[in-house]
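As they're listed, the protein sequences go chains Y and V.
By the numbering used here, the letter at position 55 of the first sequence is numbered 55, and the numbering carries on one by one without gaps.
Position in the second sequence counted from 1, then plus 564, gives you the numbering used here.
First up is the structure itself, then whatever we jot down about it.
2 protein chains.
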Amino acid sequence: MSHLAPHELLTMLLALATLLGAARALGQVAMWLHQPAVLGEMLAGVLLGPTVLGHFAPQTFAALFPATGPNALALDVITNLSIVLYLLVAGLEVDLSTIWRQGLVALKVGIVSVLVPFLIGGAAAWAAPRLLGRTEGADPLIFTLFFGTAMAISALPVIIKTLFDLDMYRTDLGMVIVSAAVLNDLLGWTVFAIILGMLDAGGQRFSPVVTIALTLLFAGLVLTVGRWLNHRLLPYLQAYTASPSGVLSYAMTMALLGAALTEWIGIHAIFGSFLVGIAIGDSSHLRERTRFIIDQFVSWIFAPVFFASIGLRVNFVDHFHWPLVSSVFAIACVGKLLGATLGARWSGMPRRESWAIGFGMNARGAMEIILGLLALQAGVIDDRLFVAMVVTAIGTSALSGPAMLRVLRHRKPRRLLEAFSQRLFLRDLSARSRREAIHELVIAACQSAGLDADSIEFSAWEREQTAATGIGNGVALPHARVSGLGAPLVAVGLSEAGIDFDAPDGEPAHAIFLILTPREEPNAQLQLASELSRKFRDRRMLDLIVRATNYTEFLAVMKSAAPA
Amino acid sequence: MSHLAPHELLTMLLALATLLGAARALGQVAMWLHQPAVLGEMLAGVLLGPTVLGHFAPQTFAALFPATGPNALALDVITNLSIVLYLLVAGLEVDLSTIWRQGLVALKVGIVSVLVPFLIGGAAAWAAPRLLGRTEGADPLIFTLFFGTAMAISALPVIIKTLFDLDMYRTDLGMVIVSAAVLNDLLGWTVFAIILGMLDAGGQRFSPVVTIALTLLFAGLVLTVGRWLNHRLLPYLQAYTASPSGVLSYAMTMALLGAALTEWIGIHAIFGSFLVGIAIGDSSHLRERTRFIIDQFVSWIFAPVFFASIGLRVNFVDHFHWPLVSSVFAIACVGKLLGATLGARWSGMPRRESWAIGFGMNARGAMEIILGLLALQAGVIDDRLFVAMVVTAIGTSALSGPAMLRVLRHRKPRRLLEAFSQRLFLRDLSARSRREAIHELVIAACQSAGLDADSIEFSAWEREQTAATGIGNGVALPHARVSGLGAPLVAVGLSEAGIDFDAPDGEPAHAIFLILTPREEPNAQLQLASELSRKFRDRRMLDLIVRATNYTEFLAVMKSAAPA
């Protein structure tokens, strides 16, 4: 048992490759459909698990994912590691100083938005335990506490991502949502850690009371002394060890140690890595580059394998129970929306903003799924409730962004990459002058969108004559506002010879981006132009662009630019 | 056996944290002493393994690293995964087009530098098998082939890193070394894959001949069709999936698949991920950022755990056998130095360059250790030979850089970071003018180094008057050449108010770097100045620097800048 035999190594590699490949492929499909990636990742697991593969090809399923033996253990090792690292990343995104800055508002929203769903969820679980899927042997009090916690928890990573997508992360509203959600998560995970400590007290190292005391002591120490020590230590690590690998290894080692410590206390390992993540991520000395490496590797390698592996555990068709799914979904939404909105109204936020906060915090995402999985493993809930929790987690996350846009009457912000298209990409402009270049690009844009070329060209040229649009580094951004345009268009022309656009640095433009925006969206043009000029702040960007031989390569270069 | 019990999870987390933390800490100490990091990483394993911890605290050792049971298996899962990913990274560094460009020279050096050590090693193994540690039951032919291969293999990652450290990677000499080493590794790993295929043919899926044929077919397909397909696919992945996570997951999935396929053929998994790494790394469409994420995470998280885990397997004191260690070391050096040097002379390289190629290719690094470990697990060699191979691997790697500098009569290139020091950092310049700033910095430099301030100030100011040294973006680089200086010094002064250094962009300098270089090293000043101006090409760099409150924070910012 101490070594994998060659055929076991083969199975492990194949199982991991299949899980990772399928999870990322379907996760990407979900993103194309503007859904959370975790939806596709879990769907991959459902397809590879007992629900589909196990149903139609049981032998293949059993060979690839054996239920017992070394390969089952190998997968368990990897998923345990993944979840510990995922909570490290979730913790890194928590910014405690934000909470301080938001002060009383965050505190009010945070506490009410935990308390109300916790009470509503707890009451429902106490009143109708069997309907909500309490197992035979489970302790009623523990089940009630668990269900309340599950209804009260948020999913910080999903919330942050949604706010970024909507350009709302740096707004006051965004900061209230994030800081209230941080409070939610801290409270939620602490309560959950305590519930885990109460479970199976016979097999525990400490009595429940000692476990709770140690948990609070550990959390308190990590978030005060640990955070302070870490902030002191990071500059030394960066200055005197290899960079960024020194800090990278430090973060990983601390996360594993923190996880081991909470596991020793008798609560789950993930609470430890989550707290370590907060303590490290909170330091202004942590460089974006280091954070980026950890985030990319964990979020797109470890996490997809973990979420896909969830689908392997449960048959999602057999255990899909409509009444239960809709009850859990309803209780979750009502509790959180009510709690967050009341909290926001209490702190004096306007009505629409309060609802936006409610919908923003309603996203449960990965956190709910992890919570459910641990409860399932601990025997507190049954497969049916687990499935209902997974559906609730994904449903509330998918609903969050669109609902916020709706109540705020916002538009989705315009993204540069969505304004490009194959037909608006001219690899070799024949134009030699500004006038000709604008003409050529306007013709291409109007052919593809069926617009009136003459009036657009007139307006772009008039604008160009007022002030030339060469921004330097070989780039020009002529533009025009167009009536009746549904969404912004950016036509791209490359010119080997270069065209004089009267740039401040005197260099001719080799990449010309004609920006056409709807007249009704006065901000769209500025958004697109500033995104473009940020990308071309580095001269090397142009060198890569002019080497693109087709639209796909052009798009690849535009996307791979470092986020400015 | 299918799930880790809580106490097993605790042990796993603790074991991993200990291995990773100790390996990175000692790896960093090794780097401070200008030794390869792998030396420290393996030393951590020796300390935590049977050699030290197991000797002095056998119970702690057995609790943390049990020899059997789920935790032994868990560690085996992680080390297997680590080695597969490490070979992916090694493959990514191979640039096949380099070999084509070096053409005949690379081919001659590459083949002779494999053949000579292979023959010498093979002959020694055939003539004195028991002295060299062949096990009782091992097949003489297989042992001979293995020993020859072990003597013939290079360590591409170590070689590339050494050449980078010496500023020789982009030179003709560097390219010959790298391309010959690539050929070495390709030949070496193919032969080794075949040896593994010959081993234990009874338990194998295919006969040795079929295994060899499949290996060559697989290698040929991956390096031609696979490479071409990959080059086509990458722009699509970059353009239409999340970036860089799409390519990241693709590379990892393919590495696992390739590893599974070679494991299925009956040779080791690492050959598959190595080939996949070559096919992916060879594409010019693979972005540096993606490569960087994979490299950082694998090289500094997975690899250290793997190398430390090697120390857990063997007692390095008990199995250290002087005659064997020195014989293996001697055979390895003689074979490789002779082969590479002869090959280089044959292709018409001058004598000193030929020796430099020999020493450059002599580094065995991690590859030799991995080869030895696999042979140890397969029962071809005993613990004593394994220890001798590890010592040889580390010894030849440590020797490589210094020996190349010696035969080429080069100096180690001057590094900016080594020229800073605490005493040469002036947080707040009181100077208001160029003249005063230079005076203040010269005084600081001369106090610390005991130089003649007057003549240095005269020479720096004379230089400054000829052409002002403000380079824009708020930075100025005054300089002077100094007789009798042992190594370059850079004195740093920060000025809140800013000092006019007549920069092209008209902005006052907030960071002034006074560069003092030995008169005998005419290139040093240019090297340091260009490294500084690359770092400050991005305006944000200055914002970070002026926020540094002490020398450590300053150094941390200077180090964490993106490599330009």
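Even for Gly, the Cβ is constructed at its ideal location relative to N, Cα and C.
This structure is a prediction, so every number in the text was calculated from the model and none was measured.
DSSP state of residue i, grouped into three classes?
i                       : result
residue 498 of chain Y  : strand
residue 1082 of chain V : strand
residue 564 of chain Y  : Bear in mind that a pLDDT of 38 at residue 564 of chain Y, under 50, signals an unreliable position, so the number given afterwards is only what the model happens to contain. If DSSP states are grouped into helix, strand and coil, residue 564 of chain Y belongs with coil.
residue 574 of chain V  : helix
residue 321 of chain Y  : coil
residue 770 of chain V  : coil
residue 1036 of chain V : strand
residue 648 of chain V  : helix
residue 838 of chain V  : helix
residue 1057 of chain V : strand
residue 285 of chain Y  : coil
residue 141 of chain Y  : helix
residue 511 of chain Y  : strand
residue 880 of chain V  : coil
residue 619 of chain V  : helix
residue 710 of chain V  : helix
residue 386 of chain Y  : helix
residue 798 of chain V  : helix
residue 565 of chain V  : With a pLDDT of only 44 at residue 565 of chain V, under 50, the local geometry of the prediction cannot be trusted, and no value is derived from it.
Under 7 Å between beta-carbons, which chain V residues line up against residue i? List them in chain order, please.
i                      : result
residue 3 of chain Y   : 640
residue 263 of chain Y : 570, 573, 574 and 577
residue 473 of chain Y : Here the premise fails: no neighbours, minimum Cβ distance about 12 Å.
Let me check understanding here. Comparing Cα to Cα, which of the options lies closest to residue i?
i                       : options                           : result
residue 727 of chain V  : V:965, V:1065 and V:1007          : V:965
residue 1057 of chain V : V:1051, V:1065, V:1071 and V:1075 : V:1075
residue 1034 of chain V : V:909, V:1027, V:1005 and V:1072  : V:1072
residue 263 of chain Y  : Y:43, Y:23, Y:525 and Y:84        : Y:84
residue 260 of chain Y  : V:566, V:1124 and V:580           : V:580
residue 309 of chain Y  : Y:24, Y:9, Y:244 and Y:539        : Y:24
residue 741 of chain V  : V:870, V:724, V:583 and V:892     : V:724
residue 610 of chain V  : V:877, V:1068 and V:942           : V:877
residue 594 of chain V  : Y:74, Y:80, Y:241 and Y:191       : Y:241
For residue i, return the contacting residues in chain V, with the cut-off set at a CB-CB distance below 9 Å.
i                      : result
residue 238 of chain Y : 1116, 1117, 1119, 1120, 1121, 1123 and 1124
residue 149 of chain Y : The contacting residues do not exist; residue 149 of chain Y stays about 20 Å from chain V at best.
residue 488 of chain Y : What residue 488 of chain Y touches in chain V: nothing, since even the nearest Cβ is about 19 Å away.
residue 166 of chain Y : In chain order: nothing, as chain V lies at least about 17 Å away.
Taking Cβ-Cβ distances shorter than 7 Å, what residues in chain Y pair up with residue i?
i                      : result
residue 861 of chain V : 293 and 297
residue 805 of chain V : 28
Using a Cβ cut-off of 8 Å, pull out every chain Y residue sitting near residue i, in sequence order please.
i                      : result
residue 816 of chain V : 20 and 301
residue 851 of chain V : 560
residue 983 of chain V : Result: empty, since nearest Cβ-Cβ is about 15 Å, beyond 8 Å.
residue 772 of chain V : Within chain Y, no residue comes near residue 772 of chain V; the closest Cβ sits about 16 Å away, beyond 8 Å.
What distance in whole Å lies between the Cβ atoms of residue j and residue i, which are believed to be in contact at a cut-off of 8 Å?
i                       : j                       : result
residue 1093 of chain V : residue 1041 of chain V : 5 Å
residue 424 of chain Y  : residue 490 of chain Y  : 7 Å
residue 814 of chain V  : residue 552 of chain Y  : No, residue 814 of chain V and residue 552 of chain Y are not in contact; Cβ-Cβ is about 15 Å, not under 8 Å.
residue 325 of chain Y  : residue 388 of chain Y  : 4 Å
residue 426 of chain Y  : residue 532 of chain Y  : Not really, about 16 Å apart at Cβ, beyond 8 Å.
residue 1129 of chain V : residue 892 of chain V  : The structure shown has nothing for residue 1129 of chain V, since chain V only spans 565 to 1128.
Considering only their Cβ atoms, is the gap separating residue j from residue i smaller than 9 Å?
i                       : j                       : result
residue 749 of chain V  : residue 717 of chain V  : yes
residue 49 of chain Y   : residue 65 of chain Y   : yes
residue 456 of chain Y  : residue 482 of chain Y  : yes
residue 88 of chain Y   : residue 274 of chain Y  : yes
residue 354 of chain Y  : residue 345 of chain Y  : yes
residue 432 of chain Y  : residue 464 of chain Y  : no
residue 1023 of chain V : residue 1044 of chain V : yes
residue 978 of chain V  : residue 1052 of chain V : yes
residue 383 of chain Y  : residue 95 of chain Y   : no
residue 356 of chain Y  : residue 407 of chain Y  : yes
Show which residues of chain Y have a CB atom less than 9 Å away from the CB atom of residue i.
i                      : result
residue 762 of chain V : Going along chain Y, no residue has its Cβ under 9 Å from residue 762 of chain V, so there is no contact; the nearest lies around 15 Å.
residue 810 of chain V : 24, 28 and 300
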